[in-house]
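In the working numbering, the protein residues as written are 1497 to 1725. Reading through the structure tokens given below for one structure.
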């Protein structure tokens, strides 16, 4: 599903060039759950942004479902993200002025579907993630764990092929963090491909494979003893 070959990413100012990713080679199969670990500043989030088409690599090849996307323009990347990639963020990124249901509906605004289909999709994910009783509430009325459930609902409502999670439990206590990881695991069992950035070894243990980065390079790949669904 994902194939990265010799991916490099540079950030430049007038005086300094910083290499965030150094010759990354990585394949992720459909249905896999991958964790990316490493110290702060090692390139984890940059790698996730490249995979999620939020940034283009400076050089190298990136095939997503067999299509070469490394040199896509911003408009092409935006169109490909719609409905194909769902994002889960550490800080939830919910809009306080919108209800739970309205926040979840946001990705559907960019897809061609009827009002009835949109409503059906929202109700399905609310039930699936057991937060339908909060559909009319606002983010500030929810706990951190509930807000992340809403964030996951928003990520999956368009039935994306790929879910990218950036420190999804980073702002949660251990109980809520465990619940979020169990939700992601269940989504993976239902067919979603997941790539997750995390500092937590506990969270990484839920993944099929753990990729460790250091100074923008992959230094280790370890497979966990988990059945691939």
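Note that the Cβ used here is the ideal one computed from N, Cα and C, for glycine as well. The structure displayed is predicted, hence computed values, not measured ones.
(request) Return the residue from the list 1657, 1652, 1648 that minimises the CA-CA distance to residue 1675. (result) The residue labelled residue 1675 in the question sits at position 179 within the chain shown. The shortest Cα separation from residue 1675 among 1657, 1652, 1648 belongs to 1648.
(message) Is the separation between the beta-carbon of residue 1659 and that of residue 1565 shorter than 8 Å?
(response) Working through the chain shown from its first residue, we reach residue 1659 at position 163. Working through the chain shown from its first residue, we reach residue 1565 at position 69. No, they are not a contact pair.
(request) Please confirm whether residue 1579 and residue 1544 have their CB atoms less than 8 Å apart. (result) As a working note, residue 1579 is residue 83 in the chain shown. As a working note, residue 1544 is residue 48 in the chain shown. No, the pair does not count as a contact, with Cβ atoms beyond the cut-off.
(message) Contact between the segment 1597 to 1606 and the segment 1676 to 1689 is defined here as three or more beta-carbon pairs at a separation below 8 Å; is this criterion met?
(response) no
(message) What does the alpha-carbon distance come out to for the pair residue 1589 and residue 1643?
(response) Here residue 1589 corresponds to residue number 93 of the chain shown, with the count starting at 1. Here residue 1643 corresponds to residue number 147 of the chain shown, with the count starting at 1. About 9 Å.
(message) Tell me which residue opens and which closes the beta strand (DSSP E) that residue 1689 is part of.
(response) Position 193 of the chain shown, counted from the first residue, corresponds to residue 1689. Segment 1689 to 1693, the beta strand (DSSP E) holding residue 1689.
(request) Using the Cα positions of residue 1638 and residue 1666, report the straight-line distance between them to the nearest angstrom. (result) The count along the chain shown starts at 1 and reaches residue 1638 at position 142. The count along the chain shown starts at 1 and reaches residue 1666 at position 170. Their Cα atoms are separated by approximately 17 Å.
(request) Could you check which residue in 1616, 1687, 1550 has the C-alpha nearest to that of residue 1568? (result) Counting from one through the chain shown, the residue named residue 1568 turns up at place 72. Considering only alpha carbons, the answer is 1550.
(message) Just to confirm the assignment: which complete alpha helix (DSSP H) runs, minimum length 4, are found wholly within the segment 1522 to 1557?
(response) 1540 to 1547
(request) Determine the extent of the alpha helix (DSSP H) in which residue 1662 is found, giving its start and end residues. (result) Counting from 1 along the chain shown, the entry for residue 1662 is found at position 166. Counting along the chain, residue 1662 falls outside any alpha helix (DSSP H), though it belongs to the beta strand (DSSP E) covering 1658 to 1662.
(request) Express the C-alpha separation of residue 1539 and residue 1518 in angstroms, rounding to a whole number. (result) In the chain shown, the residue the question calls residue 1518 occupies position 22. In the chain shown, the residue the question calls residue 1539 occupies position 43. If I take the Cα positions, the gap works out to 9 Å.
(request) Taking all protein chains shown into account, decide if residue 1721 is buried (16 or more other Cβ within 10 angstroms of its Cβ) or exposed. (result) In the chain shown, counting from the first residue as 1, residue 1721 sits at position 225. So residue 1721 counts as exposed.
(message) Across the segment 1517 to 1533 and the segment 1700 to 1714, are there enough close Cβ pairs to call them in contact, namely three or more that are closer than 8 Å?
(response) yes
(message) DSSP has residue 1615 in a bridge; who is on the other side?
(response) On the chain shown, position 119 is the one that residue 1615 refers to. Its beta-bridge partners do not exist; DSSP assigns none.
(message) Strictly by DSSP, which residues pair up with residue 1520?
(response) Position 24 of the chain shown holds residue 1520. Residue 1520 is bridged to 1503.
(request) Give the C-beta separation of residue 1663 and residue 1586 to the nearest angstrom, bearing in mind that I take them to be a contact with Cβ-Cβ under 8 Å. (result) As a position in the chain shown, residue 1663 is number 167, starting the count at 1. As a position in the chain shown, residue 1586 is number 90, starting the count at 1. Going by Cβ atoms, the distance from residue 1663 to residue 1586 rounds to 4 Å, so yes, they are a contact pair.
(message) At a cut-off of 7 Å, would you count residue 1544 as near the ligand GDP, judging by its Cβ distance to the nearest heavy atom?
(response) Inclusion of the ligand GDP in the displayed structure is not the case, the ligand content being empty and no account of it being possible.
(request) Would you list the one or two residues that DSSP bridges to residue 1584? (result) Numbered from its first residue, the chain shown carries residue 1584 at position 88. DSSP lists 1661 as partners of residue 1584.
(request) Would you mind giving the Cβ-Cβ distance between residue 1661 and residue 1692, rounded to the nearest angstrom? I have them listed as a contact below 8 Å. (result) The sequence position of residue 1661 within the chain shown is 165, counting from 1. The sequence position of residue 1692 within the chain shown is 196, counting from 1. Contact flag correct, Cβ pair sits at about 4 Å.
(message) So, with DSSP's three-state summary, where would you put residue 1709?
(response) To locate residue 1709, count along the chain shown from 1; it is residue 213. It is a strand residue.
(message) Using the Cβ count rule (16 or more neighbours within 10 Å means buried), how would you classify residue 1654?
(response) For this step, residue 1654 is matched to residue 158 along the chain shown. Counting Cβ neighbours within 10 Å, residue 1654 comes out buried, since at least 16 surround it.
(message) So if DSSP puts residue 1714 in a beta bridge, which residue, or which two residues, is it bridged to?
(response) Translated into the one-based positions of the chain shown, residue 1714 becomes position 218. According to DSSP, which records beta bridges pairwise, residue 1714 is partnered with 1709.
(message) Give me the residue from 1626, 1500, 1690 with the minimum Cα distance to residue 1559.
(response) Reading the chain shown from its first residue, position 63 is the one you call residue 1559. With distances taken between Cα atoms, residue 1559 lies closest to 1500.
(message) Contact defined as beta carbons within less than 8 Å: I believe residue 1672 pairs with residue 1632. What is the distance between those atoms, to the nearest angstrom?
(response) Position 176 of the chain shown holds residue 1672. Position 136 of the chain shown holds residue 1632. Not really, about 22 Å apart at Cβ, beyond 8 Å.
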